[in-house]
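Down below is the structure, laid out as structure tokens.
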Amino acid sequence: MSLLEAKNLVFTYGHGTPFVTHAVNDVSFTVERGEIIGLIGHTGSGKSTIVQQLNGLIKPESGEILLDGKNIHTDFKRIKEVRFKIGLVFQYPEYQLFEETVAKDIAYGPKNMGLSEEEVAERVKYAAELVGLTEDFMEKSPFDLSGGEKRRVAIAGIIAMKPEVLVLDEPTAGLDPKGRDMILSRIKEYRNETNAAVIIVSHSMEDMAKTADKLLVMNKGSIEKFDTVANVFADAERLSEIGLDIPHVTKIAIELNKRGFQIPKNLFTVEALRDAILNCRKAGGVNV
Ligand SMILES: Nc1ncnc2c1ncn2[C@@H]1O[C@H](COP(=O)(O)OP(=O)(O)O)[C@@H](O)[C@H]1O
Ligand SMILES: [Mg+2]
Numbered sequence: 120m121s122l123l124e125a126k127n128l129v130f131t132y133g134h135g136t137p138f139v140t141h142a143v144n145d146v147s148f149t150v151e152r153g154e155i156i157g158l159i160g161h162t163g164s165g166k167s168t169i170v171q172q173l174n175g176l177i178k179p180e181s182g183e184i185l186l187d188g189k190n191i192h193t194d195f196k197r198i199k200e201v202r203f204k205i206g207l208v209f210q211y212p213e214y215q216l217f218e219e220t221v222a223k224d225i226a227y228g229p230k231n232m233g234l235s236e237e238e239v240a241e242r243v244k245y246a247a248e249l250v251g252l253t254e255d256f257m258e259k260s261p262f263d264l265s266g267g268e269k270r271r272v273a274i275a276g277i278i279a280m281k282p283e284v285l286v287l288d289e290p291t292a293g294l295d296p297k298g299r300d301m302i303l304s305r306i307k308e309y310r311n312e313t314n315a316a317v318i319i320v321s322h323s324m325e326d327m328a329k330t331a332d333k334l335l336v337m338n339k340g341s342i343e344k345f346d347t348v349a350n351v352f353a354d355a356e357r358l359s360e361i362g363l364d365i366p367h368v369t370k371i372a373i374e375l376n377k378r379g380f381q382i383p384k385n386l387f388t389v390e391a392l393r394d395a396i397l398n399c400r401k402a403g404g405v406n407v
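Residue numbers for the sequence shown follow the numbering used here, so the first one is 120 and each next one is one higher.
So, in structure tokens, the structure goes:
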């Protein structure tokens, strides 16, 4: 049985109005423990609508979400428990910080879970360390921090609940490359330490090729592809067609392939491209 299963999700905004939007059409996928899934697609393709359904924030119009094989919408008590097990970090979560200190902000979630004071303190320490916030941040006001630091506080607040499924909606939006790599590596570390499943919404193919095990590619409310990163990149040209910005490395591989060099088109790391070029030179003595 999968840890999380989305079955035939359908969601429409503005039912019965002239502004009706079919945001999510018949979307099904499964998520296993320890997997990092990159949920990718252009703006408006339904990514945020999907992740808000996963932890019960909005209810699918039809279809269901199963956690450990059980529908999350069976009753009110279950939904509360589900919110602890499936932790959702919103897009731009730093705007939702509100406590006087960083420590209190991170403690908010675990406190709500009814954990003992010691357990809460331990989890705050664990989550802060994991996202790279040192002790001297703890008594600061979140409002005195930089954008990237605030983002890390918000993520720590969800990690402190130790969710079995960590869902992040565009966690790197607006950050510089260093900040992006930092956040993505910390998220990966959480997966490595806990074997939690992770779903990261992103529109950066470049970031997700580096981070995810599988990609769930959305196009206009429907699933275009759900497969390993390598298999999704097998048709990288199609990804470009549906408005996704494929990695530079992949663009170079496709271009070389077009020009007659024996280079696979589905490469997405610099190392893989280097090896392919070296092999190509060895095989044919062609100077790439
Ligand atoms: N609260 C809302 N009211 C009406 N339409 C919405 C709302 N939120 C999203 N939509 C529409 O639903 C579609 C999917 O949006 P969304 O799930 O936010 O996509 P993404 O996260 O991939 O950018 C878009 O056409 C968007 O305009
Ligand atoms: Mg979105």
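C-beta: ideal position from N, C-alpha, C; glycine also.
All of these numbers come straight from a predicted model, not from anything done at the bench.
Buried or exposed (CB count within 10 angstroms, at least 16 for buried), residue i
i: A402; result: exposed
i: R393; result: exposed
i: Y309; result: buried
i: M120; result: exposed
i: N311; result: exposed
i: Q172; result: buried
i: N338; result: buried
Whole-Å CB distance - residue i paired with residue j, under 8 Å assumed
i: P282; j: I319; result: Between I319 and P282 the Cβ distance is about 13 Å, and since that is not below 8 Å, they are no contact.
i: G160; j: V336; result: 6 Å
i: D399; j: F387; result: Checking the sequence, you will find Cys at residue 399 rather than Asp. So it is not a contact: roughly 17 Å between Cβ atoms.
i: F203; j: D288; result: That belief does not hold up - the Cβ atoms of F203 and D288 are roughly 18 Å apart, past 8 Å.
i: L294; j: G267; result: 6 Å
i: V243; j: A226; result: 5 Å
Where residue i falls: helix, strand or coil (DSSP)
i: S147; result: strand
i: F138; result: coil
i: A125; result: strand
i: F130; result: strand
i: M337; result: strand
i: N175; result: A small correction: the amino acid at residue 175 is Gly; Asn does not occupy that position in the sequence shown. It is coil, neither helix nor strand.
Length of the line joining the Cα atoms of residue i and residue j
i: K307; j: E390; result: 20 Å
i: N144; j: D255; result: 47 Å
i: R378; j: T330; result: 30 Å
i: V286; j: I278; result: 10 Å
i: S167; j: E241; result: 31 Å
i: E180; j: F138; result: 17 Å
i: F195; j: G175; result: 10 Å
i: L123; j: K333; result: 15 Å
i: E170; j: A273; result: The amino acid occupying residue 170 in the given sequence is Val; Glu does not appear at that position. If you take the alpha carbons of V170 and A273, they lie about 17 Å apart.
* Heavy atoms of ligand 1 versus C-beta positions, residues under 6 Å -> Y132, G133, T140, A142, G160, T162, G163, S164, G165, K166, S167 and T168
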